[in-house]
Amino acid sequence: MSADTAYTTVFGSLDRYEKGGVQVIDDRVTNYAFSNCFEIASKAAPYERVVFGQNQIYVLETVRAEGVSPWFTCAHDEFALCMDGEVEVHLVKLEAEQTVPDAEHNGAVLVKGEPRGAKMGWMRLRRGHQALLPKNAAYQFRAARPSVLVLQTCKGDLSVERWAEICQTA
Amino acid sequence: MSADTAYTTVFGSLDRYEKGGVQVIDDRVTNYAFSNCFEIASKAAPYERVVFGQNQIYVLETVRAEGVSPWFTCAHDEFALCMDGEVEVHLVKLEAEQTVPDAEHNGAVLVKGEPRGAKMGWMRLRRGHQALLPKNAAYQFRAARPSVLVLQTCKGDLSVERWAEICQTA
Amino acid sequence: MNAIADTVPVQATEPHATLGYRAFQLGGFSFRRDEYFAHIGWTTADGRPLSHTMDIGAFLRALMRDVAWGFFYGGVNFDHVFGTTNHYKTVDLYAGRFNATMKAAGVDRLENFPTPQIAATFEQMLDDWTNAGFDPFAAPQETGSPYGRKNGSNTAKITRARELATRCVGLKGDLDLRSDERGAPVNRAFADVPQEQPELHPEPGFENEVHAFNLFGFLSRSQVTWNPSFTSVVKHSYMCPTTEEHILPIIHANDRVEWFFQMCDEIHWDCADKTTGKPLARVIMKAGDMAAMPAYCRHQGYSPKRSMLLVWENGSPSLVYEIQRGESPEVPVVF
Amino acid sequence: MNAIADTVPVQATEPHATLGYRAFQLGGFSFRRDEYFAHIGWTTADGRPLSHTMDIGAFLRALMRDVAWGFFYGGVNFDHVFGTTNHYKTVDLYAGRFNATMKAAGVDRLENFPTPQIAATFEQMLDDWTNAGFDPFAAPQETGSPYGRKNGSNTAKITRARELATRCVGLKGDLDLRSDERGAPVNRAFADVPQEQPELHPEPGFENEVHAFNLFGFLSRSQVTWNPSFTSVVKHSYMCPTTEEHILPIIHANDRVEWFFQMCDEIHWDCADKTTGKPLARVIMKAGDMAAMPAYCRHQGYSPKRSMLLVWENGSPSLVYEIQRGESPEVPVVF
Ligand SMILES: [Fe+3]
Ligand SMILES: [Fe+3]
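Protein chains in written order, with the numbering used here: chain A, 1 to 170; chain B, 171 to 340; chain C, 341 to 675; chain D, 676 to 1010.
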């Protein structure tokens, strides 16, 4: 591909992102819930699950991945999309007594104590990689440097909402 | 030009024209003064000058050319555009006493009596041909079969207005 | 062209002698195309004829989405006059209904059709009116002109199936990854997107559960624009990423809140009132930006360079009725 | 590029490193183009940034007319948001001013500029943003794509002078007839238009007064679309015929009544309120049809095949002021 037709795909990162915004004509700016995952992650504590999209029971959460996370588990599938950095995902096939007792329970919970069960394996996610977090498995994130994940899940006990802080308000 | 790329240009004629129209959404249809020169000419007497466009002192007139017209003259230039049929235009360089006395007078008038002065010559107009009717000349139209002219001129003594009859009203 | 649609009778004329295209009739609406335009005709409530003209390229690009998406969620406005509203077993076809002036003047028309009937008509119209050199799914720089007289057809391109994962792309038995071999080379605008798949280290027996894939690589191989796929599903939460270039060919009036996550590059959105068409806001989205489209708005996006947009939909079949009953908010969140 | 314009300073950046186009600033308005779009930015009355996006093809086609016509009569709307109003020595540049919602919301902007200043900026923008393969005056089937990165220029095509007779085409010393030799071959869509000139039988000495010409032949050789010439003049009454194909690239909001005489084929017009943009009427014009555009409307035409339209203008310099003072009606005729 020659220089004059080569394209540069612009991704964002914790170090470098440019934020757009809502230009109001005749509406409430907060109705657009405008935020940016890198800005959220840059201000979040490691492994806080900050809700930045919600639709009834469903959420998208931004996570600052930094160091080793607690072990999480969930009664339904979740997905983790890496938007910046590099994150390992370790999986354990939980024994029944450590899974979420209510199969209808929405959202992730912390595994109590060390996860017991067979090691399922692990994955290394880089930017653009999306991982399945299978239901009733335990999963742990490990990131040597600050990284950003977006989680597709349901709103649960660990979901943190601070819309007024993350969204454009004027 | 091959058959599959050949175009047919659609002209109208006294014999065959298709009229469009105003489709009102929220307005008065008469404000669009919608008419059709072939329809007007099909209902007009020979050489009536039916105004179908006007803007302050200026008009466009439709003329049904059929047989031999009176001799006209005008203190300003006029133009005749042939839209259908075939029309001869005969010109005489009028002597001063037969021209319109007021150089500012708008619109054509009838020449009183036979035009006196040098014959300037004549022209044969077919569809799409436009002739200059030079100021202070006498001109006469001759058409063997019904034809249609559009005149660019100023509104004058011979201009006929019957907007309610020629325009779409509903 | 699906099996159901083929069994429904469609009202169409013989091909026009010069132009080569068929004209179509659906209820009180007439459709014809010429070298440059789609012409839509209807009769107003008080019996007068009215018409509307659209550039044929714009019309076919909109028609392509409406057909491919099965009339999508809510309203698919082809422009400020014409469009469809999905009721999921039936579809409204309208002209002027969501144009404040035309509605107030009483010159609008709306008719409801069983989905198979309107689908069959739209599919045949799309197939008849799309020439060999034009792909309504492609970016304008990647296809030919929509104009001119009937010149072949492009059935294969306009009948591409939507790519819908049921759990996650790449899982055994689910939607396949895209590759050169499967006819999905990397798009010119994404030549710099890394194609490596994630490192997977499953223990024996867990090969289909320790699963990740390169979503950006997958999207870089999209052959179409403005056409969401499903890539991962949590209950009724659908990740519907899509690659966007030039203008969204429809103005989408969703019947539910819809979220956009801009994964790279940028898109500018025009948002307007769903019912009247009055402008409400512009939303400028760059890489990493998230925004919601409230359920009361219609929106149309402009993507200057091919970009990756994650459309996140709540596909709950009961949601639209909850919204209609006022049980579900039209806004994404109140704070 | 006329001499006056070249002496006025224009605010422009260096060419963009990747795209190759310059960005321009005119008062509080900013302009930039990329592969697909023109982006217009401004600051609202209360100090907030606002923007507007137009397809670059639509923008350049509109810009071409505004430049070539010297800002024309009245308002030249590029679309429902952006445009110019001619005050004949100065020009208003606006965004949102004639959009009912944007005006009511106070997010519009209007600035007045001396004509040479805005003309110079528009001319340079048009020249910089038009690539070698694209002719904004040509019908879409007769030119290349407006999209992509900077690729040469097309200065000769965008600086064609308007063809303005002072009395009548073909008279000695007035505007010449068009011919193959003068670079004006018959257009493909008018190959069937007779090219014979009228039979003239002048007596000796009257060769320049016994004058007629083939207007339809003249028009069949037009190389451009939606660009009126003057062919005959009676005082301030100007016959401004033009050949039309595809869509009028502007929405014209005249400051006076304007008359259209459709000489062949057909054009469909969308008419809307000049101030608010609300739809008023459709006008379907076929060969021989005459219609007026009232001075309160804005109008945009759709010509499915190249057609001949006679635009008839009252060029009286005092008329616009008479209209503004309420001394001249906004409607063509009352009956
Ligand atoms: Fe949408
Ligand atoms: Fe006009």
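Ideal placement from N, C-alpha and C gives every residue a C-beta, glycine not left out. As the structure is a computational prediction, the values presented were derived from the model and not from experiment.
Would you call residue i buried or exposed, if buried means 16 or more other Cβ atoms sit within 10 Å of its Cβ?
i: Ala-303(C); result: Absent from the structure is residue 303(C), since the part of chain C shown begins at 341 and ends at 675.
i: Asp-629(C); result: buried
i: Ser-569(C); result: buried
i: Ala-345(C); result: Only weak support exists for where Ala-345(C) lies, its pLDDT of 49 falling under 50; the value from the coordinates is given anyway. Ala-345(C) comes out buried.
i: Leu-110(A); result: exposed
i: Lys-949(D); result: buried
i: Asn-342(C); result: Because the pLDDT at Asn-342(C) is just 45, under 50, the model does not fix this residue reliably, and the value given afterwards should be weighed accordingly. Flag for Asn-342(C) reads exposed.
i: Asp-855(D); result: exposed
i: Ser-658(C); result: exposed
i: Gln-999(D); result: exposed
i: Lys-764(D); result: exposed
i: Pro-115(A); result: buried
i: Tyr-996(D); result: exposed
i: Gly-952(D); result: buried
Tell me which residues share the same chain as residue i and place their Cβ nearer than 6 Å to its Cβ, disregarding the 5 neighbours each side in the sequence.
i: Leu-515(C); result: Glu-503, Ala-505, Val-509
i: Ile-195(B); result: none
i: Gln-481(C); result: none
i: Leu-450(C); result: Asp-432, Tyr-434, Arg-437
Could you name the residues of the same chain whose beta carbon sits closer than 7 Å to that of residue i, not counting the 5 residues immediately before and after it, in chain order?
i: Ala-866(D); result: none
i: Ala-956(D); result: Cys-946
i: Gln-152(A); result: Leu-60, Glu-78, Phe-79
i: Pro-389(C); result: Gly-381, Thr-383
i: Ser-329(B); result: Arg-219, Val-221, Val-229, Glu-231, Gly-277
i: His-911(D); result: Asn-989, Gly-990, Ser-991
i: Phe-712(D); result: Thr-728, Met-729, Asp-730, Ile-731
Starting from residue i, trace the alpha helix (DSSP H) in both directions and tell me its first and last residue.
i: Phe-734(D); result: 731-743
i: Ile-40(A); result: 37-43
i: Asp-467(C); result: 455-469
i: Tyr-996(D); result: 994-999
i: Phe-52(A); result: Unbroken run through Phe-52(A) is the beta strand (DSSP E), 49-55; no alpha helix (DSSP H).
i: Ile-833(D); result: 830-833
Using the beta-carbon of each residue, which ones in chain D are nearer than 7 Å to residue i?
i: Asp-26(A); result: Thr-776, Ala-780
i: Val-279(B); result: Within chain D, no residue comes near Val-279(B); the closest Cβ sits about 16 Å away, beyond 7 Å.
i: Glu-188(B); result: Lys-961
i: Lys-614(C); result: None at all; the shortest Cβ gap to chain D is about 14 Å.
List the residues of chain C that residue i touches, going by C-beta distances under 8 Å, in chain order.
i: Gln-140(A); result: Result: empty, since nearest Cβ-Cβ is about 13 Å, beyond 8 Å.
i: Asp-15(A); result: Within 8 Å Cβ-Cβ: nothing; Asp-15(A) doesn't reach chain C, min ~12 Å.
Check the Cβ of residue i against every Cβ in chain D and list those closer than 8 Å, keeping chain order.
i: Gln-23(A); result: Arg-723, Pro-724, Leu-725, Ser-726
i: Arg-297(B); result: Pro-869, Phe-891
What are the boundary residues of the beta strand (DSSP E) that residue i is part of?
i: Glu-536(C); result: It is not in any beta strand (DSSP E) - Glu-536(C) carries neither H nor E in the DSSP assignment.
i: Leu-295(B); result: 287-296
i: Met-968(D); result: 964-968
i: Leu-650(C); result: 637-654
i: Ser-912(D); result: 912-922
i: Glu-231(B); result: 228-238
i: Leu-559(C); result: Careful: Leu-559(C) lies outside any beta strand (DSSP E), inside the alpha helix (DSSP H) at 555-560.
i: Ala-266(B); result: Per DSSP, Ala-266(B) belongs to no beta strand (DSSP E) and is neither H nor E.
i: Trp-71(A); result: Where Trp-71(A) is concerned, there is no enclosing beta strand (DSSP E), given that its DSSP letter is neither H nor E.
i: Glu-344(B); result: Chain B is shown only over 171 to 340; residue 344(B) falls outside these bounds and no answer can be derived.
Quick one: residues in its chain with C-beta nearer than 8 Å to the C-beta of residue i, no 5 flanking neighbours on either side, listed in chain order?
i: Val-932(D); result: Ala-967, Met-968, Pro-969, Ala-970, Asn-989, Pro-1004, Glu-1005, Val-1006, Pro-1007
i: Ser-172(B); result: With a pLDDT of 43 at Ser-172(B), under the threshold of 50, the modelled position of that residue is not reliable, and the figure given next carries that caveat. Around Ser-172(B): no qualifying Cβ.
Could you work out which residues of chain A lie near residue i, taking near to mean beta carbons separated by less than 8 Å?
i: Met-630(C); result: Ala-33, Phe-34, Ser-35, Asn-36, Cys-37, Phe-52, Gly-53, Leu-60
Could you list which residues in chain B have their beta carbon closer than 9 Å to that of residue i, in chain order?
i: Ser-1003(D); result: Gln-226
In chain C, which residues lie less than 9 Å from residue i when you measure between Cβ atoms?
i: Arg-957(D); result: Leu-390, Ser-391, His-392, Thr-393
Practice problem: Could you name the residues of the stretch 638-661 of chain C whose beta carbon sits closer than 9 Å to any beta carbon of chain A, in the order they occur along the chain? | Solution: Lys-645, Arg-646, Ser-647, Met-648, Leu-650, Trp-652, Glu-653, Asn-654, Ser-656, Leu-659
Quiz prompt | Residues, ordered as in the chain, of the stretch 47-75 of chain A that lie near chain C by beta-carbon distance below 9 Å | solution = Val-51, Phe-52, Gly-53, Gln-54, Asn-55, Gln-56, Ile-57, Tyr-58, Val-59, Leu-60, Thr-62
Self-check item: Chain-ordered residues of the stretch 475-507 of chain C with a beta carbon less than 8 Å from chain B
Solution: Residues Arg-489.
Self-check item: Against chain B: residues of the stretch 389-402 of chain C by CB proximity under 8 Å
Solution: Pro-389, Leu-390, Ser-391
Practice problem: Compile a chain-ordered list of the residues in the stretch 571-604 of chain C whose CB is closer than 9 Å to at least one CB of chain D. | Solution: Only Glu-585, His-586, Ile-587 from the stretch 571-604 of chain C bring a Cβ to less than 9 Å from some Cβ of chain D.
Practice problem: Give the residues from the stretch 370-386 of chain C that approach chain D closer than 9 Å (Cβ to any Cβ), ordered along the chain. | Solution: Asp-374, Glu-375, Tyr-376, Phe-377, His-379
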